[in-house]
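Here the structure comes first, spelled out in structure tokens, and everything after it is commentary.
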Ligand code: SF4
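Residue numbers (the numbering used here), protein chains in the order written: chain A, 1 to 551; chain B, 1 to 108.
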């Protein structure tokens, strides 16, 4: 894991002190509300429906046990005993008081964390594959790249006042668990024909009210040229991105309006004019960052664990969890375990302080001190010995953290929606809960197989509904909550945007419709065919019939 | 702009704590049922002027008018679901927000 150097620590500490001073000046009346508002937002402090909300950055979703424990302590000391993990691998606290926030930021700084750039028209938290460093098919661990970008983009003077917010995701795999196609910039680490490692660069993806799939900008940018190339991309966007209309200000609109070829031409021109050496991080710094992410000292273990095989034989519930929530690790004898934050009927992404502490304990004892937050609002233990999986599972089960549903129909992504969010047009969590209960039966879920439902409480699409296999968007129609279903979205390497199924539905009709959609799928699927694959083969209209049966 | 036949109350968030608050007779209250109800556009305008002054005095942030109807007990109830939720707390966590106290006192 990355460790702050003196510069990083001082930088974060200075920001805490500065914000403490700003709060004091605001309370004393020397900073007006208009002056204070942008300052609090620059420190991740929003005003929501019921209270303030503090969004804390979790760089590329990676946490140590010590950091997870600090998040738990903050939840308990300053909030209401829980936090909400988001689709951008961050955590949000829903009830902080303004006068406590400087202290919260101080506690975060003590564990090398902060809330800087979790709001505003700047480069936001860089997200990455939650299986970084442990996935079998990885070309290279994307975390050093993500960390380099974190440092490069933190308070970057030229890119602190962009036309709009800016999101970057990085993956090192062909299998895309970071949804790079729906980010302003998506990076995939690849190897070219000469065997050199570099980046495939995607631009202009995004969700929100005008969803777009990113276009491939360059098939290969050498590692050493990354920062210069990104700088050129950002400059062109900063210069030509629209500032007249905030709904048209994201890079996706620029790329759409001028075309990817013209955008590429402008970027290349800028890139050629730049002096790459003045921008590139020096080799020593890159080596320093990479050293932090060197693989841990793994034990030499047999590829198959007898202890695991025996436990699976003796405990079918555990065997089911392993089949659904555990994935292959690149090192023999190890495993990647997904801890579901989606108990049946629960609030997606919420974790209590006690649960966070237990996760920290497990990571320390059995997981080489590593935790990851996923864009599906789950937690990953990326470094567990297969021999230890049974013990880990029992501990998880003691805290309602062993739900067997990773990637299944009840592993629902949901933004906070109208229950918390000031921008929401409808609630999203209760819809997630109702679907979760309807499909809660473990057998049935596994029979249905991989199916990603994603729900947003407004057009801003924080719940990623555009890329849900089934997407649900909550709207307000004549004062009532109304839900629109989309089908066939996909955040992966086969990225696609969902297509609208029909007119708005009530929450209850939505759940019934999903049941019909699943029936259509089950009745028509080929052996081994997933929901989204069947949707692509059968076509939209076959599923549309399901809606008529309900409405 | 307030519709002429509609009733309104003024809401905001407490600056320090962040809680949703409502302008009542003696100042800001966390209980919307105590809120001062504007029954005419002029009364609504007066609420807005008070809100702006209170914001300038840094007691609250984000003041705005909420349309209400009057229930059988003569108490204001927000018309929009969003605003009703704001007087209660998250519908998925009945132990949190204003509803927690109301429940404890069997008022809900
Ligand atoms: S999608 Fe809308 S309702 Fe949901 S968190 Fe984002 S802004 Fe709020």
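A virtual CB, placed ideally from N, CA and C, is assigned to each residue, including glycine.
As the structure is a prediction and not an experimental result, all values here were calculated from the model.
Residue 427(A): contacting residues in chain B (beta-carbon distance under 7 Å): 91
One or two residues paired with residue 169(A) in a DSSP bridge: 127(A) and 186(A)
Residue 479(A) versus residue 69(B) - alpha carbon distance: 14 Å
Cβ of residue 430(A) within 8 Å of any chain B Cβ: yes
Exposure of residue 39(B), with buried meaning 16 or more beta-carbon neighbours within 10 Å: Counting the other CB atoms within 10 Å of its CB gives residue 39(B) a total below 16, which places it among the exposed residues.
Residue burial classification, residue 488(A) (beta-carbon count within 10 angstroms, cutoff 16): buried
Candidates 366(A), 347(A), 358(A) and 344(A), of which the one nearest residue 335(A) by Cα: Of 366(A), 347(A), 358(A) and 344(A), the residue nearest in Cα terms is 366(A).
Beta-carbon proximity of residue 163(A) to residue 241(A), cut-off 8 Å: yes
Proximity test, Cβ basis, 8 Å: residue 53(B) and chain A: At a cut-off of 8 Å between C-beta atoms, residue 53(B) does not count as an interface residue with respect to chain A.
Proximity to residue 538(A) [Cα-Cα], best of 548(A), 528(A) and 524(A): 524(A)
Spatial distance of residue 471(A) from residue 42(B) (CA atoms): 45 Å
Within-8 Å CB hit, residue 433(A) to chain B: Yes, because at least one Cβ of chain B sits closer than 8 Å to the Cβ of residue 433(A).
Residues near residue 552(A) in its chain [Cβ-Cβ closer than 6 Å; skip 5 each side]: Residue 552(A) lies beyond the stretch modelled for chain A, which goes from 1 to 551, so this question has no answer here.
Interface flag, residue 61(B) vs chain A, CB-CB below 8 Å: At a cut-off of 8 Å between beta-carbon atoms, residue 61(B) makes contact with chain A.
Bridge-paired residues (DSSP) for residue 52(A): As computed with DSSP, residue 52(A) is found in a beta bridge with 47(A).
beta-carbon residue 423(A) near the ligand SF4 non-hydrogen atom, thresh 7 Å: yes
Extent of the continuous beta strand (DSSP E) to which residue 218(A) belongs: 215 to 222
Coarse secondary structure for residue 400(A), derived from DSSP in three states: coil
As assigned by DSSP and simplified to three states, the class of residue 531(A): helix
Test: residue 97(B) CB closer than 8 Å to a CB of chain A: Contact with chain A is found for residue 97(B), since one of that chain's Cβ atoms lies less than 8 Å from the residue's Cβ.
Sub-8 Å separation of residue 102(A) and residue 19(A) beta-carbons: yes
Residue 32(B) - containing beta strand (DSSP E), residue span: From DSSP, residue 32(B) is part of no beta strand (DSSP E); its letter is neither H nor E.
Inter-stretch contact (C-beta, 8 Å, three-pair minimum) for the region 383 to 392 of chain A and the region 52 to 65 of chain B: no
Nearest-angstrom Cβ-Cβ length linking residue 348(A) and residue 341(A), presumed shorter than 8 Å: 7 Å
Listed by chain order, chain B residues near residue 419(A) by CB distance under 8 Å: 85, 90, 91, 92 and 93
Short Cβ contact (8 Å threshold) for residue 29(A) with residue 58(B): yes
Contacts of residue 51(A) in chain B (Cβ-Cβ under 8 Å): 13, 17, 18, 19 and 20
Rounded straight-line distance, which links the Cα of residue 507(A) to that of residue 24(B): 35 Å
Cβ pair residue 190(A), residue 139(A) closer than 8 Å: Yes, Cβ-Cβ distance for residue 190(A) and residue 139(A) is below 8 Å.
Neighbour-count burial assignment, residue 239(A), 16 or more Cβ in a 10 Å radius: exposed
Contact check, residue 118(A) vs residue 61(A), beta carbons under 8 Å: no
Residue 507(A), enclosing alpha helix (DSSP H) - first and last residue: Per DSSP, residue 507(A) belongs to the alpha helix (DSSP H) from 507 to 524.
Spatially closest choice to residue 541(A) from 475(A), 528(A) and 501(A), by CA coordinates: 501(A)
When 243(A), 321(A) and 383(A) are compared against residue 296(A), the one with the closest alpha-carbon: 383(A)
As assigned by DSSP and simplified to three states, the class of residue 50(B): helix
Extent of the continuous beta strand (DSSP E) run through residue 76(B): 76 to 78
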